[in-house]
Structures are given as structure tokens and as C-alpha cells.
Amino acid sequence: MSRQQRDALDAILRSVPRSEMRPTPEEQRSGFTAAVTRPTPEDVVTRRTVLGGRPTLELEPAEVSGRGRLFYLHGGGYVIGSPDTHAGLVGELARRAGLRATSVDYRLAPEHPFPAAVDDGLAAYRELLASGTDPRDLVMAGDSAGGGLSIATLLAAREAGLPQPAAVVVFSPWVDLTLAGGSIRSKESADPIFTGFLRGCPGLRAGEESDSCGAGQG
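In terms of the working numbering, the sequence shown has 60 at position 61, counting the first letter as 1, and numbering is strictly consecutive.
Structure follows, in C-alpha cells:
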């Protein structure tokens, strides 16, 4: 991304209308779906299945190299997002890497507070290994909350005595839900997302109905 593109994106994100009314999770989900969903690449085939008791989207590019698999957990502050909203992204990753991909629809807050998402990630990971996937052929990945969830899932897997995957790739992972790190303030002028959108998310993840992920954003 060029500096010009980065500045344009920053301006768009900061120009989102703000409202005193806190959007409901349903409103946030529908808005997020409309804003970010992109089609799967034409040369990537998708099918719906179940893994670890959760709905799952399988993505397979036309050209697959070897037995490798990408296990993906989507972002969205633990409140919004789904395999469908990230199908374009995950499909592109699968296509470029030549890997089959598995994207899990883990449970979201506030209906399913912590540790529901971690439990779902671990259950899916466990079943993937039990079904014959060699951990040496497995790459886990995720963005934002999905990046944090990827790390949390692997920590839970380690505690459960399960082998670790060959690699984990996280894009801007949300790993500090307290938002207490110094960079949250020192980088406020450089990051229009974490300093606004995520401040409302931890309460929802913990099941506090009065809180709202993305509060103040319309």
C-alpha cells in the first residue's frame, strides 16, 4: 500500500458518521457484511461443512500444491464477521499459497461470551487433527480478533497436549483486550481503527450487554 492509498483509507475510516446511539450487534453485523464482503476468486471452489460442531467454509483453489491446509479465523472484534465476509480474503490467500483452506464460523459475543470463541477454535483444531491432517502440513492464520483467537487457540491446544501447526500467520492481531498498551495512545493519530472501534468490544466479548463494539460509530 502506498502512502497515498494509506492516507485515503485513513480519511475514509475517520469520516464514518458518529452517532450518540449505540448500534446493536445485529446492526453492526449487517453493516460490516455490506461493507467488507468480497467475492471468492473465480478459480476457488467453496463448500459448506461442519468442523468441531461449527459451520465451516472450505475453500479449494484450482491449483493445490501438496497436502497443506490453511486454518483461518476471521476478524471482527469477536462480535461481527463470518467466513462469508472473509471468503474473498481467505480465497485469495488459499489461491496464492496453493493451499486448501478451512474457515470456521466460531460463536460471537455478546450472545456467546468468552471463552466460547476459544472453545470453538480448539474444537475445530482438534477435529482437524483427528481427521488426519498432519500438523506439519497445517498453517493457522487470522486477522484482528481472529489473529488473537489464533494465538489463544494454539495456547489452548498446547495446554490440551495437542501438537502445534507448522506456522501461524496473524494480521494486525488483537492480543491485548485490555487496550492498556502504550501504543494505543502513542499511535492514536496513526490508527483510526483500534483507538475507536475496538474500545467498545471487550465488554461484549465478556458478555456485558450494556457495552457495544464500535460504540459511537454509525
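C-beta: ideal position from N, C-alpha, C; glycine also. Owing to the predicted nature of the structure, the values given are computational and were not obtained by experimental measurement.
Sequence-distant residues of its chain with Cβ nearer than 8 Å to residue i (five each side left out)
| i | result |
| --- | --- |
| residue 83 | 32, 36 and 56 |
| residue 87 | 36, 37, 38, 39 and 40 |
| residue 117 | 148, 151, 152 and 155 |
| residue 130 | none |
Beta-carbon proximity check, residue i vs residue j, cutoff 8 Å
| i | j | result |
| --- | --- | --- |
| residue 128 | residue 96 | no |
| residue 185 | residue 143 | no |
| residue 54 | residue 46 | no |
| residue 28 | residue 79 | yes |
| residue 181 | residue 122 | no |
| residue 30 | residue 74 | no |
| residue 175 | residue 66 | no |
| residue 43 | residue 93 | yes |
| residue 98 | residue 63 | yes |
7 Å Cβ shell around residue i - same chain, five flanking residues per side excluded
| i | result |
| --- | --- |
| residue 89 | 58, 71, 100 and 102 |
| residue 168 | 138 and 140 |
| residue 153 | 139, 163 and 167 |
| residue 104 | 53, 54, 55, 81 and 82 |
| residue 173 | 143, 144, 146, 147 and 197 |
Residue range of the unbroken beta strand (DSSP E) whose run includes residue i
| i | result |
| --- | --- |
| residue 47 | 43-50 |
| residue 166 | 166-170 |
Own chain partners of residue i with C-beta closer than 6 Å, once the 5 adjacent residues on each side are dropped
| i | result |
| --- | --- |
| residue 208 | Legend: pLDDT at residue 208 = 46, less than 50; position of this residue unreliable, value from coordinates given subsequently. Excluding sequence neighbours, residue 208 sits near 109. |
| residue 25 | none |
Element boundaries [alpha helix (DSSP H), containing residue i]
| i | result |
| --- | --- |
| residue 147 | 144-158 |
| residue 27 | 24-35 |
| residue 184 | 182-185 |
Worksheet item: Residue ranges of each alpha helix (DSSP H) run of no fewer than 4 residues wholly in the segment 60-140, ordered along the chain?
Response: 86-96 and 115-129
Practice prompt. Count the CB pairs spanning the segment 160-167 and the segment 123-139 that are closer than 8 Å, and state whether there are at least three.
Written response: yes
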